[in-house]
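Student:
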Amino acid sequence: LAKTTQPISMDSYEGQEVNITCSHNNIATNDYITWYQQFPSQGPRFIIQGYKTKVTNEVASLFIPADRKSSTLSLPRVSLSDTAVYYCLVAPVTGGGNKLTFGTGTQLKVEL
Amino acid sequence: GAVVSQHPSWVICKSGTSVKIECRSLDFQATTMFWYRQFPKQSLMLMATSNEGSKATYEQGVEKDKFLINHASLTLSTLTVTSAHPEDSSFYICSATPFTGPSYEQYFGPGTRLTVT
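Residue numbers (our numbering), protein chains in the order written: chain V, 70 to 181; chain U, 15 to 131.
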């Protein structure tokens with residue numbers, strides 16, 4: 070499984086855009102990039118997933134360059150409730166589910 | 015979206031006793047479920063892969079005789095911590111992916127906080 074590297078922590082203010090970059094230099098051809106959010110004492114929650122270029126949903130955007138060795142999760146106009154740990158994972162998508170290896174994650178703290 | 019539940023949400027037990035944690039997929043079926051453990055301020059660590067109708071696959075360093083996993087049906091997996099000790103106190107989380115259609119998302123349960131006194 071590809072190893073990922075993220076900043077340990079980030080601080081932001083309400084209303085700002087937050088970009089969290091994840092490095093995954095040894096990503097494999099069949100690997101997808103998935104981001105999860107976790108609040109204290111809760112299970113992780115799926116945010117977004119992509120393979121290449123850009124993916125956007127109602128909560129975030131995911132930017133993946135052509136070489137796919139990194140990816141950036143973009144959260145538009147964050148609020149206090151976005152304070153959480155964000156995990157970047159790289160793994161193949163297979164039927165029935167696949168093992169996920171969680172890295173250290175990025176602790177995002179949003180202030181007023 | 016798909017929902018995974020866990021029961022109990024928290025449990026306190028005495029050292030030496032066994033504790034069973036249930037993981038259920040409420041609105042989908044899953045042939046594979048995963049069990050994770052998370053210590054305070056740390057990331058999730060995969061413990062084992064639970065396979066319906068067959069033995070679980072444990073990650074290196076996880077004692078299979080201590081952490082018993084049973085995947086009795088397509089919607090239920092159980093983790094039993096046998097002869098629990100204080101160092102087993104942790105946050106246990108399960109996850110599952112629907113086996114029909116694209117497995118783009120892995121759904122996580124809310125977690126179970128285990129405290130061994």
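Note that the Cβ used here is the ideal one computed from N, Cα and C, for glycine as well.
1) Among the candidates U:Ile107, U:Val33 and U:Lys34, whose CA atom is the shortest distance from the CA of Pro113 of chain V?
2) Could you give the residue range of the beta strand (DSSP E) that holds Thr125 of chain V?
3) Tell me the start and end of each unbroken beta strand (DSSP E) in the region 15 to 50 of chain U that is at least 3 residues and wholly inside, in chain order.
4) Cutting at 6 Å between CB atoms, please list the residues of its own chain near Thr92 of chain U, excluding the five before and the five after it.
5) Is Lys78 of chain U closer than 7 Å to Tyr72 of chain U when the C-beta atoms are compared?
6) Run down chain U in chain order and give the residues with a C-beta less than 7 Å from the C-beta of Thr98 of chain V.
7) Helix, strand or coil: which one does DSSP assign to Glu180 of chain V?
8) Just to confirm, is the Cβ distance from Tyr155 of chain V to Ile89 of chain V under 7 Å?
9) Taking C-alpha atoms, which residue in V:Asn99, V:Glu83 and V:Ser140 lies nearest to Ile117 of chain V?
10) In chain U, which residues lie with their C-beta within 8 Å of the C-beta of Lys168 of chain V?
11) If contact is defined by three or more beta carbon pairs under 8 Å, each pair taking one atom from either stretch, is the region 43 to 61 of chain U in contact with the region 24 to 32 of chain U?
12) So what does DSSP say about Pro54 of chain U, is it helix, strand or coil?
13) Against chain V, does Gly125 of chain U count as a neighbour if the rule is that its beta carbon must be under 7 Å from one of theirs?
14) Span of the beta strand (DSSP E) holding Ser91 of chain U?
15) Looking at C-beta atoms only, is the number of pairs between the region 134 to 149 of chain V and the region 92 to 111 of chain V that lie closer than 8 Å three or more?
Tutor: In terms of the structure at hand:
1) Closest by alpha carbon: U:Ile107.
2) Note, Thr125 of chain V: beta strand (DSSP E), Thr122 to Thr125.
3) List check, beta strand (DSSP E) in window: 18 to 21, 24 to 27 and 33 to 39.
4) Closer than 6 Å at the Cβ level, and outside the excluded window around Thr92 of chain U, lie Lys34, Glu36 and Asn84.
5) Yes, the pair counts as a contact, with Cβ atoms nearer than the cut-off.
6) Correct list: empty, because the minimum Cβ distance to chain U is about 18 Å.
7) DSSP, reduced to helix, strand and coil, places Glu180 of chain V within a strand of the structure shown.
8) Yes; because the gap between Cβ atoms is below 7 Å, this pair is in contact.
9) Measuring from the Cα of Ile117 of chain V, the nearest candidate turns out to be V:Ser140.
10) Chain U residues near Lys168 of chain V: Phe48, Leu60 and Thr63.
11) Too few Cβ pairs lie closer than 8 Å, so no.
12) Coil at Pro54 of chain U, not helix or strand.
13) Chain V contact via Cβ: present.
14) Leu90 to Val95 is the extent of the beta strand (DSSP E) around Ser91 of chain U.
15) Taking a contact to require three or more Cβ pairs closer than 8 Å, the region 134 to 149 of chain V and the region 92 to 111 of chain V qualify as touching.
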